[in-house]
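Read through the structure below, which is laid out as structure tokens, and then see the notes.
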Amino acid sequence: GFLSEFAQDEVKKKYQRDIIHNILNGLLSSKEMTEAAAQLGMKESDTYRVVDFHTIKKNVQRKYTKEQLHEVGVIVGELTYLLPDALIYRNMDQIVMIQQVDSDQTELEYQKEMEEVKDVIQRSILYRKKDTDFQIGIGKSVEGYQRLKESYHEASRAIKYIDIIRLVTGDKNKSVVHYSNLGFFQIFGKVDDVTELERYIPETLKKLYLYDEHKGELITTLQMYLRNKQSIRKTANAMFVHYRTISYRLEKIKQISGIDFDNANEVLAVSNGLIIYKMLKEIE
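For the sequence shown, the positions run 41 to 324 when our numbering is used.
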């Protein structure tokens, strides 16, 4: 009857979930991997990519409400409808997709397609009056299913850094990130202990941070000055202060830190150091 069919369907879904989980986390031997991939209809000669979808943040108790988990279920249904050829796997709050790569589609076209998917999902989230911050992390394309773990690792790293990218770029709506486009941020993906990154912060900047710890205006001025290609006028306009105020602050920055703004290498090291500081603050 209907109930036994439903039960069989649930068992099949759970089995598929377990297989995908084991493939993505590299928990299978080569032989097991071949068997699992065959059951999912995957071929070693095809190219795949993994996409990670972030939906809800855990509440203070690090638990989810029934309502939140129902919302994740609704999003899974929408993604399945929008991307019918993909393998979509859900584990509690996590949604992951394995997708065969279309060789005729460029990476840029794919990025745009994912932006459109994000827009559709985000609109329906708003329509349901939910506050889910829907984000998409895209991993690299890999040949065959044996290397899916690598693509998955990249996709989840991309998600991990969306908040920091929003912070650094000032683009609060950034929601779709391809790991290969992370550029400088990829360095952080390769560091297991993020506090190790402190070594890359120049001494000049450390001095300024110590001096400016409570007020914060010199660091903000420095960030804006570098973002505006060292134009005092543009920095003053962006910060809504007088030209002379910026000049005065820059003199103070030079006095305290000894930063040489004519040295391109030093300016690059300071710019990177500012990003690292932001990242370290984010993960405190």
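Idealized CB from N, CA, C, for every residue including glycine.
Quick one: what's got a C-beta closer than 8 angstroms to residue i's C-beta in the same chain, skipping five residues either side?
i, result
"R10", "With the chain represented from 41 up to 324, any question about residue 10 goes unanswered, as that position is not in the structure."
"Q186", "S70, M73, E84"
"N312", "F224, Y240"
"K189", "I63, L64, N65, G66"
Work out the CA separation of residue j and residue i for me, nearest whole Å.
i, j, result
"F104", "H94", "In the sequence as displayed, the identity of residue 104 is Tyr instead of Phe. So the alpha carbons of these two residues sit roughly 14 angstroms apart."
"K274", "Y283", "9 angstroms"
"F222", "Q162", "One detail in the question is off: residue 222 reads as Leu in this sequence, not Phe. Going by the C-alpha atoms only, they are around 23 angstroms apart."
"I60", "V216", "23 angstroms"
"E111", "E118", "11 angstroms"
"T235", "V136", "29 angstroms"
"D144", "D86", "13 angstroms"
"Q48", "A77", "21 angstroms"
"F174", "Q226", "22 angstroms"
"T13", "S220", "There is no way to answer for residue 13, as the model of the chain reaches only from 41 to 324."
"I165", "V114", "9 angstroms"
"Q108", "T172", "9 angstroms"
"M82", "K318", "41 angstroms"
"A276", "S287", "9 angstroms"
"S44", "K170", "34 angstroms"
"I316", "R197", "16 angstroms"
"L266", "L148", "29 angstroms"
"E291", "L207", "27 angstroms"
"Q151", "T285", "42 angstroms"
"E306", "N213", "31 angstroms"
"K255", "Y249", "10 angstroms"
"F280", "I272", "12 angstroms"
"E238", "P124", "45 angstroms"
"V231", "F46", "45 angstroms"
"D133", "I96", "7 angstroms"
"D58", "M154", "26 angstroms"
"N303", "A195", "36 angstroms"
"Q79", "H218", "29 angstroms"
"I128", "K53", "11 angstroms"
"F301", "G210", "23 angstroms"
Got a sec? Which residues, its chain only, sit under 7 angstroms from residue i by beta carbon, not counting five neighbours each side?
i, result
"L122", "V157, V160"
"A278", "M264, N268"
"I199", "D92, H94, Q175, G177"
"K247", "I296, S297"
Need the endpoints of the alpha helix (DSSP H) that residue i sits in, please.
i, result
"T74", "70 to 79"
"M264", "257 to 267"
"G113", "106 to 122"
"M154", "147 to 167"
"Q295", "283 to 297"
"H193", "188 to 200"
"L250", "243 to 252"
"N277", "272 to 279"
Can you tell me where the beta strand (DSSP E) holding residue i begins and where it ends?
i, result
"H94", "87 to 94"
"L127", "127 to 131"
"I135", "134 to 140"
"I176", "175 to 178"
"V216", "216 to 218"
Cutting at 6 angstroms between CB atoms, please list the residues of its own chain near residue i, excluding the five before and the five after it.
i, result
"R89", "Q139, V141, G179, S181, S191"
"Y251", "I296"
Throw me the rounded Cβ distance for the residue i and residue j pair, which I believe falls under 8 angstroms.
i, j, result
"V91", "G177", "7 angstroms"
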